[in-house]
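**Student:**
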Amino acid sequence: MTASLPKISCLLVTADRPMLCRRAILAYRQQTYPHKELVVLDNGQEPMEYLLQDLPHEDVRYLRVEKTPGQYIGALRNQALEAATGDLIVPQWDDDDWSHPERLARQAAVLQEGYDACTLAGTLMHVDADPYFDRPFIGLLEGGVPPTIMHRRDATIRYPNLRRTSDSHYINSWSRLRYAILPPEQSHLYVRYFHGGNLWEQEHFLRRMRNTPRDWLAYAWYKYVRGDVFAHPRFRLSQEAREAFALYLADSVACGLFPDRPVAEKAQV
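For my numbering, add 400 to where a residue sits in the sequence shown, where the first one is 1.
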C-alpha cells in the first residue's frame, strides 16, 4: 500500500536551532502519510545530525552546507530541492513552524486530484509574546500562505536567492499552473510560530489578521472602538483548531520549548 502512494519529500533548512528542529522532526514523525522522506540541509555552526537518529535511515537525507557570503535562504532551499527524491515536495518544512499529523495526507489528496500545487488559505498564528501567547488566531493570506505549499516534482521552478520574500516569488510561479488553495477551515493543519528570531518581525505575524482593507476595518473596530482585539472573530477557533493548538503546545513542551510559560507546568501534570 505504501509503495503505491507518491513519495513526499519534506525539506528542512535549518541552522543552530536544536529545540525548534526537534519539534519539526517530531511533527514529521507524527504524519499519518506513510511514504515520505525528510531532507535536512544544515547550514549551522553546530551539526544537528544527532537529532535524526530516531528516524529510519531510509527516511533521511542529511546535507551539511557551510555558510557562504551572499548565499541566502532561497539558494539553500534550492540545494535541498536538488537533493529531494520524492514525487511530491514540501519545500518548507520550516523549523519555526508545526504541521498537524494529517497535513501531508490532506494536501497529497488534493494533488492526486490532478493539481500541480496546493497551499492553505490560512494558518494558526502563535506569537510568543504577551498578551498573545495564549491567544492563537487565524491568519489568512490572499493567494495562499507560501510556507504551506506542496507541489509536484519540477526541475525548472526554483527560489530566487533572497533573504526575504523568496517564498512569495516561488508560490507565484506555481500559482500559474494547476493550483489549489485549501479553505480557511483547514487552517489548523499548520501553525506559524513567532519567537523573536524569525526572518520576519512580530508585526509581520500580527498583520495576518488585517492584510486587506476589509480585514483592517474589522481589526480597527474590535481594537479601537470596542477596545478588545481578542473579541475579533479570528480569535474564535473551531474545535479542530483548538485541539491542533493543544497538540502543538504539547509537542513544543516535549521538545524543551516554553519552559517559563504556564503551559509547560500544565503539560507536566
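For every residue, glycine included, the Cβ atom is placed at its ideal position computed from N, Cα and C.
(1) Would you kindly report the start and end of the unbroken alpha helix (DSSP H) that includes G474?
(2) Tell me where the alpha helix (DSSP H) around A580 begins and ends.
(3) Output the distance between the C-alpha atoms of Y533 and D660, rounded to the nearest integer angstrom.
(4) What did DSSP end up calling L425 once you bin it into helix, strand or coil?
(5) Does DSSP classify V465 as helix, strand or coil?
(6) Would you mind giving the Cβ-Cβ distance between L520 and L589, rounded to the nearest angstrom? I have them listed as a contact below 8 Å.
(7) Using three-state DSSP, classify N598 as helix, strand or coil.
(8) Got a sec: is the Cβ-Cβ distance from D554 to anything in chain B below 7 Å?
(9) Nearest-angstrom Cα distance between P662 and V653?
(10) Assign P434 to one of two classes, buried (16 or more other C-beta atoms within 10 Å of its C-beta) or exposed (fewer than that).
(11) Assuming D651 and L426 form a contact by the criterion Cβ under 8 Å, report the distance between their Cβ atoms to the nearest whole angstrom.
**Tutor:** On the basis of the coordinates in this document:
(1) 473-483
(2) It is not in any alpha helix (DSSP H) - A580 instead sits in the beta strand (DSSP E) that spans 579-582.
(3) Going by the sequence as given, residue 533 is Phe instead of Tyr. If I take the Cα positions, the gap works out to 12 Å.
(4) Looking at the sequence itself, residue 425 is Ile, so the reference to Leu does not match. DSSP places I425 in helix when its eight states are reduced to three.
(5) coil
(6) 6 Å
(7) Here N598 scores only 46 on pLDDT, less than 50, and its place in the model should not be relied on; the value that follows carries that caveat. Coil, per DSSP.
(8) The structure shown contains no chain B; it holds only a single protein chain.
(9) 11 Å
(10) exposed
(11) 5 Å
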